[in-house]
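Heads up, the thing below is written out as structure tokens.
Residue numbers (the numbering used here), protein chains in the order written: chain A, 1 to 112; chain B, 113 to 227.
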């Protein structure tokens, strides 16, 4: 079936470095993508979204890149901080019900 | 705190018992979603409501599961005759649908453990 997947299950970076989390999706009809952050014991927290008519969107310390040619999505976090430690999920949606299809997640660990 | 609340936060029950969870969405949000999340996995869609109407149910939602949103505000998810495989985090999310795409705000979840 169609799914959203992630390339790496874990990622460790030094505090202050930039992080890049990748995601591959297979549903070419998807037109909306979201990155969520989930800390232990909490629900997913919205980080940033991007529509399929865009290839880049920037937020505060975060940038999402969308490459529709290869069906690839990435989340860049600049100057990582200890509070960025969490599991990051990409999710896709293709309109209608707007139900989200999530990938497995990448655990980001920030080393001091 | 996203403004979506869920109760209880934790529920431990014995196999075969019935359980009910509650979700209170952000007040002006007309769409409400239920997801299930098992350890190490991303959330999986279960069902959603627009106002009080339940518009879609996943095949994951067996006949032991029922969800309601009677007045288009809070929602309940009931699991009858619980099984150990029902152990998971049950997440609720809400959004205001105006056409196009809108951010879904998630609650903290209810963690269910079936012994």
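For glycine and all other residues, C-beta sits at the position ideal for the given N, C-alpha and C.
Here the structure is a predicted model, which is why all the values come from computation and not from measurement.
Got a sec: is the Cβ-Cβ distance from residue i to anything in chain A below 7 Å?
i, result
"residue 120/B", "no"
"residue 168/B", "yes"
"residue 161/B", "no"
"residue 219/B", "yes"
"residue 186/B", "no"
"residue 177/B", "no"
"residue 115/B", "no"
Counting only beta-carbon separations shorter than 7 Å, does residue i have a partner in chain B?
i, result
"residue 1/A", "At residue 1/A, the pLDDT of 37 sits below 50, so the modelled position is not reliable; the number obtained from the coordinates is stated separately. Chain B contact via Cβ: absent."
"residue 102/A", "yes"
"residue 44/A", "yes"
"residue 97/A", "yes"
"residue 83/A", "no"
"residue 32/A", "yes"
"residue 59/A", "no"
"residue 105/A", "yes"
"residue 7/A", "Residue confidence for residue 7/A is low, a pLDDT of 49 falling below 50, so the modelled location carries little weight and cannot support an answer."
Can you tell me which residues form a DSSP beta bridge with residue i?
i, result
"residue 93/A", "32/A"
"residue 143/B", "162/B and 207/B"
"residue 108/A", "11/A and 86/A"
"residue 223/B", "122/B and 201/B"
"residue 50/A", "33/A"
Measure the C-alpha to C-alpha separation of residue i and residue j and round it to an integer number of angstroms.
i, j, result
"residue 217/B", "residue 136/B", "12 Å"
"residue 166/B", "residue 180/B", "8 Å"
"residue 223/B", "residue 39/A", "14 Å"
"residue 199/B", "residue 127/B", "10 Å"
"residue 182/B", "residue 164/B", "6 Å"
"residue 2/A", "residue 26/A", "Low per-residue confidence applies at residue 2/A: pLDDT is 42, beneath 50, and the placement is therefore not dependable enough to give any value."
"residue 78/A", "residue 61/A", "5 Å"
"residue 206/B", "residue 187/B", "11 Å"
"residue 213/B", "residue 58/A", "18 Å"
"residue 15/A", "residue 220/B", "27 Å"
"residue 90/A", "residue 192/B", "32 Å"
"residue 44/A", "residue 201/B", "12 Å"
"residue 80/A", "residue 35/A", "16 Å"
"residue 11/A", "residue 112/A", "14 Å"
My assumption, with CB atoms under 8 Å, is that residue i sits in contact with residue j. Please give the rounded CB distance.
i, j, result
"residue 33/A", "residue 50/A", "5 Å"
"residue 131/B", "residue 125/B", "5 Å"
For the region 133 to 155 of chain B, list every residue whose C-beta sits within 9 Å of some C-beta in chain A, in sequence order. Contacts with chain A (Cβ-Cβ distance below 9 Å) from the region 133 to 155 of chain B involve 143, 145, 147, 149, 152, 153, 154 and 155, listed in chain order.
The region 198 to 216 of chain B: positions lying closer than 9 Å to chain A by Cβ: Only those residues of the region 198 to 216 of chain B whose C-beta falls short of 9 Å from the nearest C-beta of chain A are listed: 201, 203, 204, 205, 207, 209, 212, 213, 214, 215 and 216.
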